[in-house]
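J.: Counting from 1, one number per residue, gives the positions in the sequence shown under the numbering used here.
Glycine included, every Cβ here is placed at the ideal spot set by N, Cα and C.
This structure is a prediction, so every number in the text was calculated from the model and none was measured.
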Amino acid sequence: MRQADFEELVQKAILELPEHIRQKMDNLEIVIEEKASAEQLAKVGLRSSDSLLGLYQGVPQTAWGRGFGNILPDKISIFQRPIEKYAESDKEIVDLVKNTVWHEIAHHFGFSEKGVRNLEAQRTARQSRHKKDEELR
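1) Please determine, among Leu52, Trp102, Arg129, Leu119, the residue with the shortest C-alpha to C-alpha distance to lysine 35.
2) Could you tell me if glutamate 104 is buried or exposed, where buried requires 16 or more neighbouring beta carbons within 10 angstroms of its beta carbon?
3) Is leucine 46 helix, strand or coil by DSSP?
4) Let me know the secondary structure DSSP gives aspartate 74 once reduced to three states.
5) Tell me the DSSP secondary structure of glutamate 16 in three-state form.
6) When you compare the CB positions of valine 139 and alanine 13, do they come within less than 8 Å of one another, or not?
7) Please list, in chain order, all residues of the same chain as serine 48 whose beta carbon is under 8 Å from its beta carbon, the five residues on each side excluded.
8) Please check the pair proline 60 and histidine 107, which I expect to be a contact at CB under 8 Å, by giving their CB distance rounded to whole angstroms.
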């Protein structure tokens, strides 16, 4: 996939987030990178860049205190090549981009990896119920 098309998928994923979430995304830069660097992999304890789809680097909003300001923005990296490699179809690329953006933004709001996984399970269950409701109509 062309990088411009991938960037468009990331932008759409951001725009599909609820408005109240987008409004609270502060001091945050979201970038597309081909794959994770050796430094990024070391930071999260991985060896293969193929297994890292996204990475949040920064200070979560829950850790912000008085006088917090005048600092560089937090950074979310979305890794194009691993997402494309992991997906088996264009639809899966779209879904993986949405889920990866959502996952990394949850870290920006202070959720731990375990907390994000719990939220993902709830989100998946909600989506399944919604899909079943749609099928019954």
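T.: Here's the rundown:
1) Selected option, being the one with the closest Cα: Leu52.
2) Buried, since its Cβ has 16 or more Cβ neighbours within 10 Å.
3) The DSSP-derived three-state label of leucine 46 is coil.
4) Strand, per DSSP.
5) Here glutamate 16 sits in coil by DSSP.
6) Because residue 139 is not part of the residues shown, which for the chain are 1 to 137, the question remains open.
7) Excluding positions up to five away in sequence, the list reads Leu41.
8) Indeed they touch by this definition, with Cβ atoms about 7 Å apart.
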